[in-house]
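Undergrad:
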Amino acid sequence: MICFIIRLGIHRALVISSWEVTKECFTTNDSIRPKSLEGKILAYDHHVISFAPYGPYWCNARKVANVELLSNHRLELLKHVHDTEINLFIAELYAQCVENGGLVTVEMKERFRYLAANVIVRMIASKRYFGNDDDDHEEEESRRFQKAVGDFCYQMGLFYISNTVPFLDVMKGYTSKMKKTARELDYVLGNWVDEHRRRRLNCDASDHEEKDFIHVLLSAMDDDKISAHQDANTTINVICLSLILGGSDTTMVTLTWAVSLLLNNRHVLKKAQDELNVHVGSHQQVEESDMKNLVYLQAIVKETLRLYPSAPLSGPHMAVKDYTIARFHIPVFLIRLGIHRTLVISSWEVAKECFTTNDKVFSTRPKFLAVKLMGYDHFMLGFAPYGSYWRDVRKLATVELLSNHRLELLKHVLRMIAGKRYLGNDDTSGDEEESSRFQKALGEFFPLVGLFLVSDTIPFLGWLDVVNGYVSKMKKAARELDYVLGNWVDEHRQRRFNQNISS
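In terms of mature numbering (1 follows the signal peptide of the UniProt record, and there is no 0), the sequence shown is residues -17 to -1, 1 to 486.
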């Protein structure tokens, strides 16, 4: 077994080569998330759940997501969203095939991106932003959202000098770009929330209106199911952004690789088709209840994920106290990434131990500039530190939004969060500006979140991220997303208000 310490800027990092040690690191000696420039700027100052350090906030946010939003009942209520988008997806492909005489080249990556994004956005805000060519009203918001999400992912993947060598934090180009992206995302998300608030005020209380995630979150806020770690709009924006980031790009990547692998291995495709014909039927749509019988199809998905993971297998973790691993005493922050001490492992067994036996040690999320600017200052569920806020948000998402009952209610369409269909909406009208801004902001968000920011490892070099324009881009993307999400929430509030008045 190899075990040694390296320095990444001012941070110390532990490098190991044994799966047993890796298991120990992520179970017995689990850790928190390190802070980064992108997490600070793009993820609402590390409040996005995947960027948040372990603590009360992280526990609360995780609880809200799991209990209120992602419970089996909630997902079952919104199952119709998924079905509707798939039917539209197939219908569009068929129409394109017919128009071209039965033979046409299709960019499936873009199609899958629209499908995944439309499903999650409709579940969150009842909007359809991607591929929305005829919807004039939401065009601008859709465009801004797509760009912001794209910038977010790009900027999250960049290397920022300030993350490893803080004293070189003088170039602010990246910082300005990230701040711009964060502003864009925040703008779009804020619009969504505001729109939902208005809708709730305007709607009759007796209306059985489709309850997307924003509607559920607003109701949870009214019932004090979410701890007041920040203002209501920011909390909702953070949770919505966490769900969008976790459910759109990864799905697109996995589907694209799966189709590519099947087309290059026709014998595997034939076996999968035969299995579907036997257990489902050639003219039937596959339901979730059929999956237990589709063993070969499940194996295809697992092999696709093994060969081409849609994202890094694990986010960065930071030790919070000294511990012993593989009979070696490991002081906290033994490996340095700039100013941060980090544990690096290469074994799944050690990773398992870090995340189970030592979950409290490797618990919270580190802070990043991108998350601070675009993740509502680390209030997004995936970036939030562990704590009461994280637990409340996680509970809300799991119980109120993603339960089986909620998903069943929304079974016909998976625009479950805000009840909107922003992407690929060729047959509807309205919300053009909001749709365009949302698409643009969401498109900027993902690239920005994936950037390497110098300030995350070397804070005093954070000026480099500003000079590079990352900070401004993140702030812009955050503003755009916050604007759209805020509109959704306000629209729902207005609906509820109108319901109460009319009742």
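Built from N, CA and C at the ideal position, the CB exists for glycine as well.
Quick one: using the 10 Å Cβ neighbour count with 16 as the cut-off for buried, is D205 buried or exposed?
TA: Its Cβ having fewer than 16 others within 10 Å, D205 is exposed.
Undergrad: May I ask which residues mark the beginning and end of the beta strand (DSSP E) holding I(-2)?
TA: Where I(-2) is concerned, the enclosing beta strand (DSSP E) stretches over -7 to -2.
Undergrad: Which residue or residues does DSSP assign as beta-bridge partners of T325?
TA: According to DSSP, T325 bridges with A(-5).
Undergrad: With a cut-off of 8 angstroms, do at least 3 Cβ pairs link the stretch 381 to 389 to the stretch 35 to 55?
TA: Taking 8 angstroms as the limit for Cβ pairs, the verdict is that the stretch 35 to 55 does touch the stretch 381 to 389.
Undergrad: In angstroms with no decimal places, state the Cα-to-Cα distance between P256 and V89.
TA: Strictly speaking, residue 256 in this sequence is Gln, with Pro absent from that position. About 21 angstroms.
Undergrad: Going by C-alpha distance, which of N483, F480, L364 is nearest N49?
TA: Checked all of N483, F480, L364; the closest Cα to N49 is L364.
Undergrad: Tell me whether the beta-carbon of I24 lies closer than 8 angstroms to the beta-carbon of M457.
TA: Yes, the pair counts as a contact, with Cβ atoms nearer than the cut-off.
Undergrad: Report the start-end ranges of each alpha helix (DSSP H) in the stretch 93 to 146 that is 4 residues or longer and not cut off at the edges.
TA: For the stretch 93 to 146, whole alpha helix (DSSP H) runs of length 4 or above, ordered along the chain, are 122 to 138.
Undergrad: Flag this pair as yes or no: are the beta carbons of H475 and H198 separated by less than 8 angstroms?
TA: Cβ distance < 8 angstroms, so H475 and H198 count as in contact.
Undergrad: Three-state secondary structure (DSSP) at G84?
TA: In this structure, G84 counts as coil in the three-state DSSP scheme.
Undergrad: Hey, R462 and D134 are a contact pair by Cβ (cut 8 angstroms); roughly how many whole angstroms apart?
TA: That belief does not hold up - the Cβ atoms of R462 and D134 are roughly 12 angstroms apart, past 8 angstroms.
Undergrad: Could you please give me the residues that DSSP links to S485 through a beta bridge?
TA: Paired residue(s): none; S485 is not in a bridge.
Undergrad: Suppose you measure from the CA of A282 to the CA of W240; what does that come to, to the nearest Å?
TA: If I take the Cα positions, the gap works out to 14 angstroms.
Undergrad: Among residues of its own chain, excluding the 5 on either side of A294, which ones have a beta-carbon nearer than 7 angstroms to its beta-carbon?
TA: Taken in chain order, the residues that qualify are T233.
Undergrad: What does the alpha-carbon distance come out to for the pair D273 and L280?
TA: When rounded, the distance between both Cα atoms is 11 angstroms.
Undergrad: Along the chain, where does the alpha helix (DSSP H) containing G173 start, and where does it finish?
TA: It spans 156 to 185 - the alpha helix (DSSP H) in which G173 sits, taken as one unbroken run.
Undergrad: Counting only runs of 4+ residues fully inside the stretch 244 to 270, write out the alpha helix (DSSP H) ranges in chain order.
TA: The stretch 244 to 270 contains these whole alpha helix (DSSP H) runs: 249 to 262.
Undergrad: So does the stretch 140 to 151 actually touch the stretch 260 to 277, counting three or more Cβ pairs closer than 8 angstroms?
TA: Cβ pair count under 8 angstroms is below three, so no.
Undergrad: Got a sec, what are the start and stop residues for the alpha helix (DSSP H) N451 sits in?
TA: Element bounds for N451: n/a, residue is neither H nor E.
Undergrad: Leaving out five residues before and five after E383 in sequence, what residues of the same chain have Cβ atoms less than 8 angstroms from its Cβ?
TA: Closer than 8 angstroms at Cβ, skipping near neighbours: V47, V50, E51, L52, S54, R57, V199, L200, S202, A203, K208, R389.
Undergrad: Tell me, to the nearest whole angstrom, how far the beta carbon of F445 is from that of L352; I am working on the premise that it is less than 8 angstroms.
TA: The identity of residue 445 in the sequence shown is Gly, whereas the question assumes Phe. Right, the Cβ-Cβ distance comes to about 7 angstroms (below 8 angstroms), so this counts as a contact.
Undergrad: Per DSSP, V333 is paired with what?
TA: For V333, which the question treats as bridged, DSSP gives the partners K6.
Undergrad: Got a sec? Which residues, its chain only, sit under 8 angstroms from K254 by beta carbon, not counting five neighbours each side?
TA: Excluding residues within five positions, the ones whose Cβ falls inside 8 angstroms are Y279.
Undergrad: Please report the straight-line C-alpha distance between G38 and P368, rounded to a whole angstrom.
TA: About 5 angstroms.
Undergrad: Verify whether the separation of the beta carbon atoms of N185 and V467 is less than 8 angstroms.
TA: Going by C-beta atoms, N185 is not nearer than 8 angstroms to V467.
Undergrad: Among residues of its own chain, excluding the 5 on either side of K162, which ones have a beta-carbon nearer than 6 angstroms to its beta-carbon?
TA: Excluding positions up to five away in sequence, the list reads I24, L356, V454, S455, M457, K458.
Undergrad: Whose C-beta lies closer than 7 angstroms to the C-beta of V102 among residues of the same chain, with five residues either side of it excluded?
TA: Cβ within range, chain order: V64, H65, E68, L397.
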